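All remarks here apply to the structure that follows.
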Amino acid sequence: MGVHFTRIWDFEKEEILSLIERAIEIKKNGGLEKEFSGKILGLIFEKPSTRTRVSFEAAMMRLGGNTIFLPTQNLQLSRGEPIKDTARVLSRYLHALVLRTYSQATIEEFAKYSQIPIINGLSDRFHPCQILSDFMTILESGKDPFKTGVVWIGDGNNMANSWIELAAILGFPLIIACPEGFDPDKEVLEQAKKRFSAKIEVLRDPKKAIKGAEIINTDVWTSMGQEEEEELRKKAFKEFQLNKELLSLAHPEAIVLHCLPAHRGEEITEDVLEGPNSVVWDQAENKMWLHMALLEYLIK
Ligand code: CP
Ligand code: NVA
Numbered sequence: 160m161g162v163h164f165t166r167i168w169d170f171e172k173e174e175i176l177s178l179i180e181r182a183i184e185i186k187k188n189g190g191l192e193k194e195f196s197g198k199i200l201g202l203i204f205e206k207p208s209t210r211t212r213v214s215f216e217a218a219m220m221r222l223g224g225n226t227i228f229l230p231t232q233n234l235q236l237s238r239g240e241p242i243k244d245t246a247r248v249l250s251r252y253l254h255a256l257v258l259r260t261y262s263q264a265t266i267e268e269f270a271k272y273s274q275i276p277i278i279n280g281l282s283d284r285f286h287p288c289q290i291l292s293d294f295m296t297i298l299e300s301g302k303d304p305f306k307t308g309v310v311w312i313g314d315g316n317n318m319a320n321s322w323i324e325l326a327a328i329l330g331f332p333l334i335i336a337c338p339e340g341f342d343p344d345k346e347v348l349e350q351a352k353k354r355f356s357a358k359i360e361v362l363r364d365p366k367k368a369i370k371g372a373e374i375i376n377t378d379v380w381t382s383m384g385q386e387e388e389e390e391l392r393k394k395a396f397k398e399f400q401l402n403k404e405l406l407s408l409a410h411p412e413a414i415v416l417h418c419l420p421a422h423r424g425e426e427i428t429e430d431v432l433e434g435p436n437s438v439v440w441d442q443a444e445n446k447m448w449l450h451m452a453l454l455e456y457l458i459k
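Under the working numbering, the first residue of the sequence shown carries the number 160, and numbering increases by one thereafter.
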């Protein structure tokens, strides 16, 4: 059983599937009986967030618990207090902690020294909670990723790395279309193939990748922390824009996912984001239901 959720591979296949099933059930029931009275969730964020922060806080409050939002700059961490000291102290006050960081190593160090569950709310390397609620959205839409596979168009970033981990552990085919030099994490990809014999292809041609696809994902070209590379990235990813023309090669009833925030006119066009194939608003909502299921699982 996973005590922490620092990356998808902290959980077994069965745990992942039952978490998603539980999130769908909680959503259908419109919530859960309040059972987290007296429980406190902390959220340490080094980077901005709208969805992850608010959906976790709303999830905890809907469960009857409380939250404390802790921007890193307000903590002694920002003045050099070691992670191992912070983690042990916060474990005495809180019942779980969500972290959004630059380095994945920060989250892992917290997990090593915490006596409470540590949840990855995004790092430069992974965004595991997002991928779970995205998978929930796919299942809810009636699509069968095990049959059709999933297509990723764009940067081989934190989202792509978590998709690789999910595809590997659950066993569905994944195609990643990204320009050369913007591949997903090599170690994650190698482990996925070695450990799980995962069917993951990395292609350079977005048209080939999207042909007949039923489940299509994209994300920003410039992730948080990469702002200096923005101009370079805009050039490198030009052919990877999810626009009407590219989408016309996919299955007519394909669903389009984007974790948001979206940069209209860059990785996705307004008409695709707001069009009939887009499921992005349900996708954003599902973060809250999934986080309720995750908190229930980790804190109880
Ligand atoms: N999708 C997502 O993680 O959004 P935020 O950056 O707003 O949390
Ligand atoms: N890849 C994006 C995801 C934002 C939710 C980033 O890291 O900025």
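Ideal Cβ placement from N, Cα and C applies to all residues, glycine included.
Every value quoted in this text rests on a predicted model; they were computed, and no experiment measured them.
- Measuring C-alpha to C-alpha distances from GLY434 to each of ILE266, LYS403, LEU236 identifies LYS403 as the nearest.
- Placement of the Cβ of HIS286 at a distance of less than 8 angstroms from at least one heavy atom of the ligand CP is found.
- Between MET295 and LEU449, the C-beta spacing is below 9 angstroms.
- Of all alpha-carbon atoms in PRO287, ALA255, ARG259, PHE285, the one lying nearest the alpha-carbon of TYR272 is that of ALA255.
- By alpha-carbon distance to CYS337, the top candidate from THR165, ALA368, ARG423 is ALA368.
- Per DSSP, the unbroken alpha helix (DSSP H) holding THR307 starts and ends at 304-307.
- Annotation: the continuous beta strand (DSSP E) that includes PRO230 extends over 225-230.
- At least one heavy atom of the ligand NVA falls within 8 angstroms of the beta-carbon of THR211.
- If you keep only unbroken alpha helix (DSSP H) runs of at least 4 residues inside the segment 224-294, you get 242-252, 263-272.
- The alpha helix (DSSP H) runs lying completely inside the segment 366-400 and spanning 4 residues or more are 389-395, given in chain order.
- Bounds of the beta strand (DSSP E) holding GLU360 are 359-362.
- About 11 angstroms separates the beta carbon of ASN376 from that of ALA413, a gap too long to meet the 8 angstroms contact definition.
- When DSSP states are grouped into helix, strand and coil, LEU200 belongs to the strand group.
- Beta-bridge pairing by DSSP links TRP311 to ILE335, ASN376.
- Burial of ALA270 is indicated by the presence of at least 16 other C-beta atoms within 10 angstroms of its C-beta.
- Under the 10 Å beta carbon count, SER292 is surrounded by 16 or more other beta carbons and is classified as buried.
- Sequence-distant partners of ASP430 (beyond 5 residues in either direction) whose C-beta falls short of 8 angstroms from its own C-beta, in its chain, are ASN402, LYS403.
- A straight-line Cα-Cα distance of about 42 angstroms links LYS193 and GLU425.
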